[in-house]
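Have a look at the structure below, then the notes.
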Amino acid sequence: MRIRLSEITEGQGEMLRRLDDGPARDSVGLHTGDLATDELRRCLELHALGLVSVAIGWRDTCWFRLTASGRRLGRQLPA
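Each residue of the sequence shown is one higher than the last, beginning at 1 in UniProt numbering.
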């Protein structure tokens, strides 16, 4: 499914920007413990759209990271 910029809410766009922590190969993403409830909700929405992946890390920590599509779309958003 291809998502258009016009389908992304302002809050989701902010989350895409926040998750973009540099080159994909070095990306760590954000730990769920570092997110407010509304940010967590936005990450789950973006995950449902295929723009964010969920990874389970050391000691069963949960991390959100941009997918290639999420990174591409996020970088098209106006500053």
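We put the CB at the ideal spot given by N, CA and C, even for glycine. Quick caveat: nothing in here was measured; it's all calculated off a predicted structure.
Sub-8 Å separation of residue i and residue j beta-carbons
i	j	result
arginine 18	leucine 30	yes
leucine 35	leucine 51	no
Coarse secondary structure for residue i, derived from DSSP in three states
i	result
alanine 24	helix
alanine 79	coil
Straight-line gap, residue i to residue j (C-alpha atoms, nearest Å)
i	j	result
leucine 73	phenylalanine 64	16 Å
proline 78	glycine 57	32 Å
threonine 37	aspartate 26	26 Å
isoleucine 8	alanine 55	23 Å
serine 69	arginine 59	28 Å
Close-in-space but distant-in-sequence residues of the same chain around residue i (CB under 7 Å, 5 per side omitted)
i	result
methionine 15	Glu39, Arg42, Cys43, Leu46
arginine 71	Asp20, Ala24
leucine 49	Ile3
glutamine 12	Arg42, Glu45, Leu46
According to DSSP, residues forming a beta bridge with residue i
i	result
tryptophan 63	His31, Ala55
Residues of its chain near residue i, where Cβ-Cβ distance is below 8 Å and the 5 sequence neighbours each way are ignored
i	result
glycine 33	Thr61
valine 28	Asp21, Trp63, Arg65
arginine 75	Asp20
Proximal residues to residue i (C-beta, below 6 Å), its chain only, five neighbours per side dropped
i	result
serine 53	Arg65, Thr67
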